[in-house]
Structures are given as structure tokens and as C-alpha cells.
Amino acid sequence: MAKSIDVSDLNIYYGDFLAVEGVTMTIPSRSVTALIGPSGCGKSTFLRSLNRMHEVIPGARVEGKIVIDGQDLYGSEVDPVEVRRQIGMVFQRPNPFPTMSIYDNVLAGSRLNSKRLPKDRADEIVERSLTSANLWVEVKDRLNKPGQGLSGGQQQRLCIARAIAVEPQVLLMDEPCSALDPISTSAIEDLIHELKSDYTIVIVTHNMQQAARVSEDTAFFNLAGAGKPGNLVEMNPTRKIFSNPEEKATEAYISGRFG
Amino acid sequence: MSASTAVRKPRQRVGDRVFSNLTRLAGLAILVALAAVAIFLTLQGLPAFSAPSDKLGGAANLATYVLPLVFGTLLAAVLALLIATPLALGVALVISHYAPPRLARPLGYLVDLLAAVPSVVYGLWGLAFVSVRLTPAYAWLEQHLGWIPLFGGPASTTGRTILTASIVLAIMVMPIITAITREIFLQTPTLNEEAALALGATRWEMIRLAVLPYARSGIVSAVMLGLGRALGETMAVAMVLSASGVVTFDLISNTNPSTIAANIALKFPDSTGVAVNALVASGLVLFVITFVVNFAARWVVARSERTQA
Ligand SMILES: Nc1ncnc2c1ncn2[C@@H]1O[C@H](COP(=O)(O)OP(=O)(O)O)[C@@H](O)[C@H]1O
Ligand SMILES: [Mg+2]
Chain H
1 MAKSIDVSDL NIYYGDFLAV EGVTMTIPSR SVTALIGPSG CGKSTFLRSL
51 NRMHEVIPGA RVEGKIVIDG QDLYGSEVDP VEVRRQIGMV FQRPNPFPTM
101 SIYDNVLAGS RLNSKRLPKD RADEIVERSL TSANLWVEVK DRLNKPGQGL
151 SGGQQQRLCI ARAIAVEPQV LLMDEPCSAL DPISTSAIED LIHELKSDYT
201 IVIVTHNMQQ AARVSEDTAF FNLAGAGKPG NLVEMNPTRK IFSNPEEKAT
251 EAYISGRFG
Chain Z
1 MSASTAVRKP RQRVGDRVFS NLTRLAGLAI LVALAAVAIF LTLQGLPAFS
51 APSDKLGGAA NLATYVLPLV FGTLLAAVLA LLIATPLALG VALVISHYAP
101 PRLARPLGYL VDLLAAVPSV VYGLWGLAFV SVRLTPAYAW LEQHLGWIPL
151 FGGPASTTGR TILTASIVLA IMVMPIITAI TREIFLQTPT LNEEAALALG
201 ATRWEMIRLA VLPYARSGIV SAVMLGLGRA LGETMAVAMV LSASGVVTFD
251 LISNTNPSTI AANIALKFPD STGVAVNALV ASGLVLFVIT FVVNFAARWV
301 VARSERTQA
């Protein structure tokens, strides 16, 4: 189920503006890869190119190659809608569908995949996904209440449940804890630990400790200067990045000398 | 500079006072105008209760005079909305979510322009073009779908039927509904749209998951505004419809229900005495219907907002 991702010579544009330049990296399967770097260096942009969400912005495009399990993600015969069904995404701000119940939120993706979902199968997906997202106990008595009524942390776990309900191969998370309090953050970090046995996870984070806590590998992105494109400086096992990085810039960023 | 930072007593500025009084006056003026209209309609309408049948176009009393008109008014308006709403939502979605920006903008202007065309022009167009073109369609409907009471016929040979009037009305209210819903569709939070897209929704699925639920209450108010316009529209209906004031669901025949507004416009020039009072009374009924529709719309919107919160 989980897949590794090979990125080579990736350039990402917004119209004529080159936002990210020349990224080459391999994201291993069944493991957590953290993306760190200063604001505006293109972490979100890079992450969104991994499930073809980048191109929903008018004028946005990508050059280069991303291969998942031998298949070229940007091949001419590949349907971006199909890609997004296989690669789940969790956003910075929790975004459950406001008018839908908790139950329907979890099923939103599954209902896209198969129009007629038997009730017992649906119940099973809801329970399994909410349990995986560590939310089942808290909401099992109010599944028909709107998802909007939950706390921020619960909403974010609901969004994770919604993403994993369709059993994607890869799970992308863009600063999933940045809008949350420390307790909810810790709940989500625990969850990431549990999910990595089944999923390939890529997580963008601003929080160095969080990267150190949850990830196996860390990729450091940086900007060469104002107005220049972001680029990948170094990717290594997290332990190495935080103890003995190869690049000066990485060390400077991690020890907080800039960024 | 430093002297002017000293604490000053909060004093109302002249401009603030003038403006606040002006707005209060404007608000009052609206209420007074509304009350004046209501009082006028009531006072002038009252004598019609004892009107003799010859002053009521042959109707036995005021109720049997007004009710068929109410029926025609509602029938024409509801038909118009049934036609206009799906069309308007479709056009609004094309402008907000399908057309490339270079095409969407002129398309939006075009729709706004349609809303600015005077109703006499629509009336002329309906009379001279739409009704003529629809005559063969009505004959076809009678022949093939005549077993449905709606198309019972006999089909009108002039095409000036309640259905034609409703189609012209639909084209008149469509730009209003389109303009409002388009704005609401455009305001859908990107957050919700991306939530749907990231799950692997196609564009239409994204619209169903994110855009339409978000716009629900806005769609209701847009349709209600359209309904308000359709109920009160006078000229176009008066020009297009060949009305005999009957109560029938037959949409394509020569004998058609009339509407309150069109009836007033057509009868007023030849009416005297208590016949005028009867027309005013029918106007009062239209006034009340419009009011009720507006309040119902507000109630629906408020309720759907509460269940969403
Ligand atoms: N929708 C957009 N349109 C144009 N430029 C964008 C857009 N989103 C981001 N950018 C630009 O792309 C660069 C990278 O942004 P982003 O990926 O959001 O950085 P990060 O997530 O690392 O903070 C920035 O220079 C930003 O201004
Ligand atoms: Mg970002």
C-alpha cells in the first residue's frame, strides 16, 4: 500500500515565477519525512506538487519528474483527480465540510470513489478511520452532529480521518499542528507515529522539535536570497540533520541563527 | 504636534451628527412611504367590498374577482422560477467555476446587462418574437403530450399563453438570480474547495461538496428576490399574455389566467368609480403577497444559517 516517491530536477512555477528550483530527493515508504525551512522557501508549494494540488491554482505548473511506484505522476495519461484519490492531504487549517456531519465528513472521499456504499460498510469505514485518527472515543456518540462543532484539534483529527478513510498510499501534511494547542499537537504527533507503519507520510513543519520527534528523515529547504527560488539544501536522516548536518546553512537554521 | 495629543473631551463632530441624522431620516422615510402605500391601498380598496358585479368584470364579489388573479400571478411567477432557477445557477457556475477568467468576465457583464433591459423591451420581444416562434411548439405539445392536463389545449394560435409569459418572465428574472448567486459562489472559501479537490473530487463533485452547501442560503434569497420581481412584473406580462382571467392549469391554450399587475395595467385606463377601488384592492393583495414572500425568504435564510452554525 505505501509507496516511495522519487523526485528529480523538479521546478515549480506560479505563472512565470519560479518558486522552487531543482529539487531531487527520494522519499522512503512507510516512514515520516519532514520538510523544514524558513517561510516562503516553497515547502507548501513542493508538498502540493506531490499530489497535483499545485496545478489547481491558475497558471501554476511543474517541470521535472515525480515517480511513485514506477509511475510518472505527471505523465500525459495520468488523471490528476485519480492521483489525489491515492495521495491524501491534510491542510494547515482544519477544513471539515461545514454543513456535513462528522459521519458524512469521514465518508466524503469514499462516496466519491463508489457511489453506492452499503450502510454496514460505511459504518465500518467511519469507525476504522476515526479510531485510527484517535477520535472515535470522543465523537462516537455524536456522529450526526456537524464537524464544525468540534474543537480545532478534533477538527484536524477529523480531517486526518477523512484523508485516511480512502486508504491512500501517501499522506501529505502541511503544518497540521500550527493552528493547534500543545495537547492537540501532541495527540496528532502520536497519531503520526501510529500511521507511519501503514502510510508514507510527508509533513511540513515550522517546529524543529516536532520534526525531530516525528520524522525519520528531514529535508531542509532554503532561499538563496529575496526573490530567488527556494531549493533543497540537504536531506538526511533526522538524527544526522539535528546532530551533525552536512551543510553550514542547515546548521545555522537549526541552531536558530536565522529563519 | 505634541500639543495636539493632549486628552480632549470626546466631542461629536458636526459631520458625524449631520450624517447620523441623515441616515435616520432616510430610514424613517422608507417606513413612512411603506405605511403611506399600505394605508392608501387599504382605504381605497375598502369600497370594493360592496362593489356590484358589473364593476368587477362580472365576478359575484371581490373575492371571486381577486382570487383568479392571485392564481394567475402565482402560476406565472412559479413557472418562471422553475425555468429560471436551474438556468441561472448553471450560468452562475459557469462564470464562477468553469469558464476561463478571460471569458468569465465578459459573460458576467453580459448577464448584468440583461438585468438592465427595460421590461417594455422584453414585452415587445415576447409579443413579436417569442410567442410567434412558440406557436408550432404548442401545437406539437397538444398533439403529443395533450394527455397531460398542462398541455390539454386547444393550442393557442397566437402563442400568447401563460407559458410564453412565464418564459419571458424567466428570462427577466434570470439575470438577477445569476448575478447574486455568482457572487456567492465566488466567495466559497478556498479552504473548503481544496478539501474537496484533495480528496479526489472532480470539478462538479467539488461544487457539490463545497460550493453549493456554502451557497445554500444565498441561493434561497436570490430565488426569492427573483420571485418578488416575477410577482410584480407588469408590462411584459400585460403585453404578452392574452388573458381572460380563468383559473386553469392549461398552459398553452387561448384562454389564460391573468395576473394582478397586468390586470391593473390593462384595466385601469377604462375604469371608473368603484371599479378603480377593486383594482386597488387587488393591488393590496399583491402588496401582501410580496411582503409574505419576502418574510418567508428571510425566515428560510435565517433558519438555514442557524442550523449551519
Ligand atoms: N498562490 C500563489 N501564487 C503565487 N505565488 C505563490 C502562491 N503561493 C505561494 N507563492 C509563492 O511561492 C513561494 C513559496 O511559498 P510557499 O510554498 O507557501 O512557502 P512555505 O510553505 O515554505 O512558507 C513564495 O515566494 C510565495 O510567495
Ligand atoms: Mg507553507
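So the protein lines, in turn, are chains H and Z. According to my numbering, the first sequence is numbered sequentially starting from 1. According to my numbering, the second sequence is numbered sequentially starting from 1. In this text, a Cβ means the ideal position worked out from N, Cα and C, and glycines have one as well.
- Taking 7 Å as the cut-off, one finds at least one heavy atom of ligand 1 near enough to the beta carbon of I57/H.
- When Cβ-Cβ separations below 8 Å define contact, E82/H makes contact with chain Z.
- Relative to the non-hydrogen atoms of ligand 1, the Cβ of K228/H never comes closer than 7 Å to any of them.
- Annotation: A243/Z to Q187/Z spans about 43 Å, alpha carbon to alpha carbon.
- For V204/H, the Cβ falls inside the 7 Å cut-off from some heavy atom of ligand 2.
- In this structure, ligand 2 has a non-hydrogen atom nearer than 7 Å to the beta-carbon of E175/H.
- Counting every other CB atom within 10 Å of its CB across the protein chains shown gives F151/Z a total of 16 or more, marking it as buried.
- When the beta-carbon positions are compared, T161/Z and S282/Z stay at least 8 Å from each other.
- V32/H and R162/H have their C-alpha atoms roughly 19 Å apart.
- About 7 Å separates the beta carbon of G200/Z from that of E82/H, a gap short enough to meet the 8 Å contact definition.
- With a cutoff of 7 Å, F220/H does not count as near ligand 1, since its C-beta is closer than that to no heavy atom of the ligand.
- At a Cβ-Cβ threshold of 8 Å, A26/Z and D112/Z do not count as neighbours.
- Between T164/Z and L134/Z, the C-beta spacing is below 8 Å.
- When secondary structure is reduced to three states using DSSP, Q71/H falls in the strand class.
- Under the 8 Å criterion on CB atoms, G200/Z is classed as interfacial with respect to chain H.
- In the three-state reduction of the DSSP assignment, T218/H falls in the strand class, which pools E and B.
- Shown here for Q143/Z: not one same chain residue has a beta carbon closer than 7 Å to its own, the five before and five after excluded.
- In the DSSP assignment, M53/H falls outside any beta strand (DSSP E), carrying neither H nor E.
- Annotation for A19/H: I12, Y13, G42, T45, P229 and G230 place their beta carbon closer than 7 Å to its own, counting only its chain and skipping 5 residues before and after.
- Taking every residue with its beta carbon within less than 5 Å of a heavy atom belonging to ligand 1 gives, in chain order, Y14/H, A19/H, S39/H, G40/H, C41/H, G42/H, K43/H, S44/H, T45/H and I57/H.
- At a cut-off of 8 Å, the C-beta of N192/Z has a neighbouring C-beta in chain H.
- Closest option to E183/Z, judged by alpha-carbon separation, among Y214/Z, L145/Z and Y122/Z: Y214/Z.
- Annotation for N192/Z: the continuous alpha helix (DSSP H) segment containing it runs T190 to A198.
- Judged by their CB atoms, L172/H and M89/H are nearer to each other than the 8 Å cut-off.
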